Amino acid sequence: MKIVTWNINGVRARIGNLTHWLTESAPDIVCLQEIKTVDEQFPRAEIEALGYNVETHGQKGFNGVALLSKLPFDEVIRGLPGDDIDEQARFIEGVFSTNKGALRVASLYLPNGNPIDDENKFPYKLSWMARLERWAQERLTLEEALVLAGDYNVIPEPIDARFPENWLGDALFQPRTRQAFRRLLNLGFTEAVRAVTDAPETYTFWDYQAGAWQKNNGIRIDHLLLSPEAANRFSSASIEKHVRAWEKPSDHVPVAIDLALQPAG
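Heads up: the sequence shown at position 99 corresponds to 101 in my numbering, and the numbers run straight through without jumps.
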């Protein structure tokens, strides 16, 4: 079963790229971030025509996440618990039935947090990460195959940036950000890409500015974390970086994993 995360950076602006990629890559479950649309305006018809079920948690103009799945949804939950006044659409989880029991997949768009001296933005990022850690700790007690996928806006290690020194003042690379990410991992998750490669220049994001793509000035901020039950079924991970060279690309590319699971029935 192929599960992919992709920050699409505006789904309506890139629906042609998305449908082409869905046909080419043939994922079973897709976690989208930054759909930048309300639920009612999500281009679901084009995606459903390719055989996908669609669930969204949208927001006008920015943020927004979605799950696309060839498997039927058993359950869908929108929003990360822990803050009743948080109205930003950054989290959706779906539950599916497989031949090995329940599979839970979450699509998340973690706050950017910049600028770090803003009295709200960086604290919001850290509090959101603390909520995510509490949620994950609770979900792990279910002992299900869990995939926590998305744009984390976290550069975990210096090797995950072409020029780490350029990110020292950025919320994505702050010590507290990286520590929060390690605390999440230390709950018992496997970070899929680094489980299969420790190669440098392994990136998922290239800025639109200053020829970053052409110069391979990238960072790795899109991650898939696997619970022990999912890690036991994990067979491969890959970054589909060729998509960044398409017309009107997102600044992120799809990151994929394969799990040895089949739909129930």
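Backbone N, C-alpha and C define an ideal beta-carbon position, used for all residues, glycine too.
In this text the structure is predicted, and so the values were computed from the model without any measurement.
Find the nearest neighbour of residue i within the set the options, judged by alpha-carbon distance.
i    : options                   : result
T179 : Q139, L226, L112 and S237 : L112
E57  : L69, D260 and S237        : L69
A51  : Q43, L24 and I31          : L24
R14  : E36, E231, F207 and E26   : E36
D172 : F124, R92 and K4          : F124
M3   : I94, I17 and K102         : K102
L189 : A47, F236 and L150        : L150
K243 : A266, S71 and Q216        : Q216
T192 : H59, H254, L261 and P265  : L261
P202 : F44, I157, P256 and G63   : I157
A194 : E159, Q139 and F236       : F236
A232 : W8, F75 and A108          : A108
P177 : A163, R164, F165 and E159 : E159
V138 : R16, V78 and L187         : Here residue 138 turns out to be Ala, not Val, going by the sequence shown. The option with the nearest alpha carbon to A138 is L187.
F98  : G115, Q90, A91 and P74    : P74
G60  : D30, A104, T21 and L110   : L110
E89  : R106, T100, G66 and L105  : G66
K62  : N55, F44 and V255         : F44
N114 : L134, A28, E121 and N155  : N155
A266 : N19, W8, F175 and K72     : K72
S229 : A197, L174 and V32        : A197
The beta strand (DSSP E) with residue i in it runs from where to where?
i    : result
F7   : Checking the sequence shown, residue 7 turns out to be Thr, not Phe. K4 to N9 is the span of the beta strand (DSSP E), which, as asked, contains T7.
G103 : G103 to Y111
A151 : A147 to D153
Since residue i sits in a beta bridge, which residues does DSSP pair it with?
i    : result
D253 : In DSSP, D253 forms no bridge with anything.
G63  : DSSP output for G63 lists no bridge partner at all.
L261 : F236
E1   : Missing from the structure shown is residue 1; the chain here goes from 3 to 267 and no further.
H225 : G152
L174 : None, per the DSSP bridge assignment.
Q35  : N9 and V67
V56  : L70
T100 : G103 and P265
Within 10 angstroms of its Cβ, does residue i collect 16 or more other Cβ (buried), or is it exposed?
i    : result
I87  : exposed
E26  : exposed
E95  : buried
A239 : buried
G152 : buried
T199 : exposed
K38  : buried
Q264 : exposed
D30  : buried
R136 : exposed
Y54  : buried
N11  : buried
Answer yes or no: the CB of residue i versus the heavy atoms of the ligand FMN, is any distance below 7 Å?
i    : result
Y126 : This structure lacks the ligand FMN, and indeed carries no ligand of any kind.
Along the alpha helix (DSSP H) that carries residue i, what are the first and last residues, could you check?
i    : result
N19  : I17 to S27
Q216 : No alpha helix (DSSP H) holds Q216; DSSP gives it neither H nor E.
K127 : K123 to L142
R46  : R46 to E50
R246 : Where R246 is concerned, there is no enclosing alpha helix (DSSP H), given that its DSSP letter is neither H nor E.
F163 : Note that residue 163 is Ala in the sequence shown here, rather than Phe. Taken as a continuous stretch (DSSP letters only), A163 belongs to no alpha helix (DSSP H), as it is neither H nor E.
A197 : A194 to V198
Cβ contact check for the stretch 246-265 and the stretch 174-193: 3 or more pairs under 8 Å:
no
Any chance the stretch 138-147 sits against the stretch 215-223, with 3 or more Cβ pairs inside 8 Å? no
Inter-stretch contact (C-beta, 8 Å, three-pair minimum) for the stretch 64-84 and the stretch 206-215: no
Contact between the stretch 159-170 and the stretch 127-138 is defined here as three or more beta-carbon pairs at a separation below 8 Å; is this criterion met?
no
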